[in-house]
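Enquirer:
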Amino acid sequence: GLCLLVLRVFIGVHVFLVSCALPDSVVRRFIVRVMCSVLGLLVRQSDPRLREASARVFIANHVTPFDHNVVSLLTSCNTPALSGAPGFICWSRGFMELGVTGSRAELVDSLKEYSAHQGNPPLLLFPEEAATNGRAGLLRFSSWPFSILDEVQPVALQVRRPLVAVSVADSSWITELLWTFFVPFTVYQVRWMPSVPRRADERSEDFALRVQELLAMELGVVSTRITAADRTEHMKRLRHTARLPFAPGGGPGYRTSDWALLLGGILVPPSLPGGAPEDVRVVAMAQQVKEVLPHVPLEVIRTDLVQTNCVDTTIANLLEGRVPFFPESKEAGDLPAPSTSQAAAASGIQGSVAAPSSKPATKQFAKSPVERHLSLQERKRALYDYARR
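265 is the number that the UniProt record's numbering gives to position 265 of the sequence shown; each next residue is one higher, with no gaps.
1) Run the CB neighbour count on LEU335, radius 10 Å, all protein chains shown included, and call it buried at 16 or more, exposed below.
2) Using 8 Å for Cβ pairs, my map puts THR64 next to VAL159. What's the rounded Cβ distance?
3) Using only alpha-carbon positions, find the residue among VAL32, LEU50, LEU22 that is nearest to MET193.
4) On the criterion of 16 or more Cβ atoms from any shown chain inside 10 Å, does CYS20 qualify as buried, or is it exposed?
5) According to DSSP, which residues form a beta bridge with LEU42?
6) When DSSP labels each residue in this structure, what does GLY12 get in the three-state scheme?
7) For the region 217-234 and the region 136-147, state whether three or more C-beta atom pairs, one from each stretch, are separated by less than 8 Å.
8) In terms of alpha-carbon separation, which member of ARG28, ARG161, ARG381 lies closest to LEU319?
9) Can you say whether VAL27 is buried or exposed, counting buried as having 16 or more other CB atoms within 10 angstroms of its CB?
10) How would you label SER147, buried or exposed, when you count the other beta carbons within 10 angstroms and need 16 or more for buried?
11) From which residue to which residue does the beta strand (DSSP E) around ILE174 run?
12) Buried or exposed: GLN153, going by 16 or more other Cβ atoms within 10 Å of its Cβ?
13) With DSSP as the reference, label PHE88 as helix, strand or coil.
14) With 16 as the cutoff for other CB atoms within 10 Å, does GLN212 come out buried or exposed?
15) The alpha helix (DSSP H) that contains LEU214, what's its start and end?
16) Anyone know if the C-beta pair for CYS77 and PRO122 falls short of 8 Å?
17) Report the partner residues of ASN78 according to the DSSP bridge assignment.
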C-alpha cells in the first residue's frame, strides 16, 4: 500500500499536468482516463447511448469528492464551486468558479445565464450537497438545481473499493485522495438514466423529490428526508459526545449503526450480562421499532433486524411493505407508558400511519404511485421526528 501510494503520487502529478496541457476533447478524456486507471481509478459506464447530447444539466448523487472529475472523464461537463475559497486549489480540483458569493438565488441566476449559451458544456450538479457512502440512502435533494432548466438528466453513481470504506464521514478530500492511491483500485460505476422533464405547474421542490425517488430506485437505496444540514449537525454532535468520557457513543460499548450517519444516529446500548451481546442488541432495537410501530408483531421486527441490523432500515421496510405481516389486534401490554411529550408525538404518528387491519401491511397502500409516495413521506417524517425526540 505504501509503495503504491508513493508511486501514484508521482504519476498523479503527471496526470494533472497532462490534463492541464491538453484542451477538452475526446482525445484528452481518453488519455487521462487511461492514466487514471494506473492510479487505481477505474471508471465504468453502462449504456452510454442514454447520455443525451442535448442535455444541459446532469443531476447525480454524491459519493466522493471526485465524482465530478470521474464524470468529466466520460463527457464534457462543469461543476460550480459552492464552498471553499476560490483560487488555485478550487481550479486544480476541476471546479468552475462563477464569482458568486451571495445567496442561492444569485447562483441560480448565474447558472441560468451560463446554460443559455449553447457553447458552454453541460452542468453537473449534486443536489445532496454532501457526500455519503451511497449504500443506505440519499440525502434530501435541494430544489435550487431544478430551478435552472425544465429538463434534467439523472446520473447514478456507485463506488466500491476493497479494504477501506468509501467516503468516510468528516474526512477531507486530501485524505480521500491518499486512500485512493493506497488501496489497489477504486471502481466508479456510472449509469446514465433517461432525461426527466418538469411537469406542468410542477414546483421545483416536487421536481427535485421526483428525481430523487427515481435515482433511489435506480441505486436500490432509500430516499430520505434528511438534509445536508442535518448531517452536519449530527457530525457535530458525534464530535461533542466523543469528548465526553461517559456520554452515549463515547465508550466502546455503544455502537452506531451504518444508517446512523445519515439518519441522525440511533445508539445501541452495551451488551448486558446474562445474554449474548448480539441478542441483547436485537432486543433493544426491536423495542425501539415496537414503540414507533406498535401494531407490528415483535417477531417480525426481530427477524428483519437480524438481516438489516438497523432500526431505521427496518422501519422503512415495514412502512414500504417490503416485509409482509399481519397487524396485531391490540398493542403489547408490556411496553412502558409514554411520557407526555412522547404521547403527543405518538398521537401525531398514529394520525399519519394507517390503522391496523386484518390484512397484511402490503395491502394498506394506495394503488396510485403519487398517493402512495406522499403517504409514505408523511409517515416517515412523523416517525423520524418521534425518533429524534
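Even for Gly, the Cβ is constructed at its ideal location relative to N, Cα and C.
Expert: In short:
1) Residue placement at LEU335 is poorly supported in this model, since its pLDDT is 42, which falls under 50; the coordinates still yield a value, given next. Counting Cβ neighbours within 10 Å, LEU335 comes out exposed, since fewer than 16 surround it.
2) 6 Å
3) LEU50
4) exposed
5) VAL187
6) helix
7) yes
8) ARG381
9) exposed
10) buried
11) Unbroken run through ILE174 is the alpha helix (DSSP H), 173-182; no beta strand (DSSP E).
12) buried
13) helix
14) buried
15) 204-219
16) yes
17) LEU123
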